[in-house]
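Below is one structure, written out as structure tokens; comments come after it.
Residue numbers (the working numbering): 1 to 551.
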């Protein structure tokens, strides 16, 4: 997961504006959980399989060195709590170790996903000062003194994150061949950045490419490179490294998941689904290892919901019913045992409902219990999924009934996303109904209206993965033009070229040429096909008018 670029959701993962260095970007109890792994068992142990990382420090204890190294690995794999525990164990083993104190202060600080509160910043500033005192009392290296001095800047003043990144740049210049330092510097720049784009990610990408050129299996660099290239708008550059990450860090749930941030945006949806299914399996194993209690212990892990969300998004796009159901059914069961869900979890639950409607038994979705008025986002999408189930059964009355039951918006929608999501859903259901009524002109216009809504804000605002399972409007446009292109007849060049253009359509963040359906649909678009009066014009009119159906 990375900082969302969806402004209304700043309380979940972070703001798109230049962040206040000590603002709470993700309060406890958000859909991501409360940190990452719940507190490990009382006895802290070294955790293997999190990839390379770390560096040699000044310590009299080989065990302290081992736990410091492991702490760096865990921190850069976003196993936050486990990383902090590792550094605390290193400090216990060598109370005079300055860098062990530095490690705890560094790993407890902000990340690209989580900020810190002012009172936390004060505590970390004090911890860094303690590291500085230990450094002055001991025989530490110049690099260690510089790292401690740089970290002091992070927790002082309103520009702390930027000051830390700039200081790390200077340290990197002193040790240009140090992969660990260079990667920490890149991460610091990403945290200090405001909105992620090609310009703000230029320096992190440059630094990470230096590391990967000499060490292509360096997991921390791959992790941040995937994020940086995704944020910069050229995710394909990370593809060859993404293919390696799960191999070099097989026990790190978040790193096993991370390649999907690349795969999704280049059209490798099946791989995005598979990587997240593997991450979910690791989550379940971690929950068992940590002896977490309750019927749904994995949901106490910070990134589990994100793994399920991304896995469902990939599976739905890939048409992988097996993985979709494997992820959806446990989530629906969890929701049934939880009276009140976080708003974002409710939206993800909507994808789980849809997966069951598409790939479960014919009446399975119709048997799923209403999530209730306490979960208004989920309830609306429950109606949508039921409508899809009725469409699958050819039940016109059922489709229309569920579409009518969807409210225009959720009452307390502080993100202002429910209205466009519900509008897309209603248009899709009405489009399905129109197809059953053999009204392709109306169906095409309804699908085009849904596409236009997806291309407008807020749904067009980047987040990973998208709120709606059809990636923005690409596939909705495809549906519009499929309706307009019945097989086996002649089609005028204008509509044919529009269809080809649509199928080749590329969003800001993705290369659609790798879509599994693209070659087949492109071929269909070039077959001789007839004109069905008005369909092409109405599709384009709706798209041009921003989704308003002209009839």
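Each residue gets a CB set at the ideal place from its N, CA and C atoms; glycine is no exception.
Straight-line gap, residue i to residue j (C-alpha atoms, nearest Å)
i	j	result
residue 309	residue 442	32 Å
residue 435	residue 413	32 Å
residue 575	residue 80	Residue numbering for the chain in the displayed model covers 1 to 551; residue 575 lies beyond these limits and cannot be assessed.
residue 409	residue 419	4 Å
residue 448	residue 341	32 Å
residue 142	residue 318	52 Å
residue 106	residue 94	18 Å
residue 263	residue 239	7 Å
residue 446	residue 430	7 Å
residue 195	residue 61	42 Å
residue 384	residue 331	17 Å
residue 197	residue 463	13 Å
residue 102	residue 450	51 Å
residue 426	residue 468	13 Å
residue 71	residue 82	8 Å
residue 421	residue 115	29 Å
residue 511	residue 416	Note that residue 511 has pLDDT 42, beneath the 50 cutoff, so the model's placement of it is unreliable and the number below is only indicative. Distance between the alpha carbons of residue 511 and residue 416: 28 Å.
residue 121	residue 428	48 Å
residue 123	residue 346	35 Å
residue 290	residue 404	46 Å
residue 163	residue 461	29 Å
residue 456	residue 343	22 Å
Same chain, Cβ closer than 7 Å to residue i, neighbours up to 5 away in sequence not counted
i	result
residue 191	110, 111, 112 and 161
residue 433	396, 399 and 400
residue 147	102 and 171
residue 74	47, 50, 82, 83 and 86
residue 169	185
Collapsed DSSP secondary structure at residue i in the structure displayed
i	result
residue 258	coil
residue 263	helix
residue 17	The predicted model places residue 17 with a pLDDT of 30, which falls under 50 and marks its position as unreliable; any figure quoted below should be read in that light. Residue 17: coil per DSSP, three-state reduction.
residue 388	helix
residue 363	coil
residue 107	helix
residue 229	helix
residue 276	helix
residue 530	Any answer about residue 530 is weak, because its pLDDT of 35 lies below 50 and its placement is not dependable; what the coordinates show is given next. Looking at residue 530 - three-state DSSP - the assignment turns out to be coil, as it is neither helix nor strand.
residue 353	helix
residue 314	helix
residue 413	coil
residue 215	coil
residue 128	helix
residue 159	coil
residue 248	helix
residue 49	coil
residue 427	helix
residue 61	coil
residue 114	coil
residue 72	helix
Test item: CB-CB of residue i and residue j under 9 Å
i	j	result
residue 172	residue 155	no
residue 402	residue 424	no
residue 84	residue 108	yes
residue 135	residue 165	no
residue 219	residue 249	yes
residue 329	residue 360	yes
residue 86	residue 97	no
residue 339	residue 374	yes
residue 348	residue 305	yes
residue 88	residue 63	no
residue 298	residue 77	no
residue 201	residue 232	yes
residue 316	residue 358	yes
residue 459	residue 465	no
residue 178	residue 55	yes
Own chain, CB closer than 6 Å to residue i, minus 5 neighbours either side, in chain order
i	result
residue 167	150 and 153
residue 222	241 and 245
residue 57	68 and 99
residue 295	337
residue 307	257, 276, 279 and 280
residue 269	314, 317 and 318
residue 145	135
Spatial neighbours of residue i in its chain, beta-carbon cut-off 8 Å, leaving aside the 5 residues before and after
i	result
residue 362	389, 392 and 393
Proximity test, Cβ basis, 9 Å: residue i and chain B
i	result
residue 202	Going by chain labels, chain B is absent from the structure shown, which holds only one protein chain.
Cβ contact (3+ pairs, closer than 8 Å) linking the segment 349-365 and the segment 309-328: Three or more pairs of CB atoms, one per stretch, sit closer than 8 Å, so the segment 349-365 contacts the segment 309-328.
The segment 227-235 / the segment 42-52 touching (three or more Cβ pairs under 8 Å): The segment 227-235 is not in contact with the segment 42-52.
Sufficient close CB pairs (3 or more, under 8 Å) joining the segment 318-326 to the segment 272-288: Taking 8 Å as the limit for Cβ pairs, the verdict is that the segment 272-288 does touch the segment 318-326.
contact_flag[the segment 329-339, the segment 368-387] where n(CB pairs < 8 Å) is 3 or more: Yes, since at least three Cβ pairs between the segment 329-339 and the segment 368-387 fall closer than 8 Å, the two stretches touch.
At least 3 beta-carbon pairs within less than 8 Å: the segment 285-302 vs the segment 259-269: Contact between the segment 285-302 and the segment 259-269 is absent: fewer than three C-beta pairs spanning the two stretches fall below 8 Å.
The segment 179-197 contacting the segment 210-217, beta-carbon criterion three pairs below 8 Å: Output reads yes: the segment 210-217 touches the segment 179-197.
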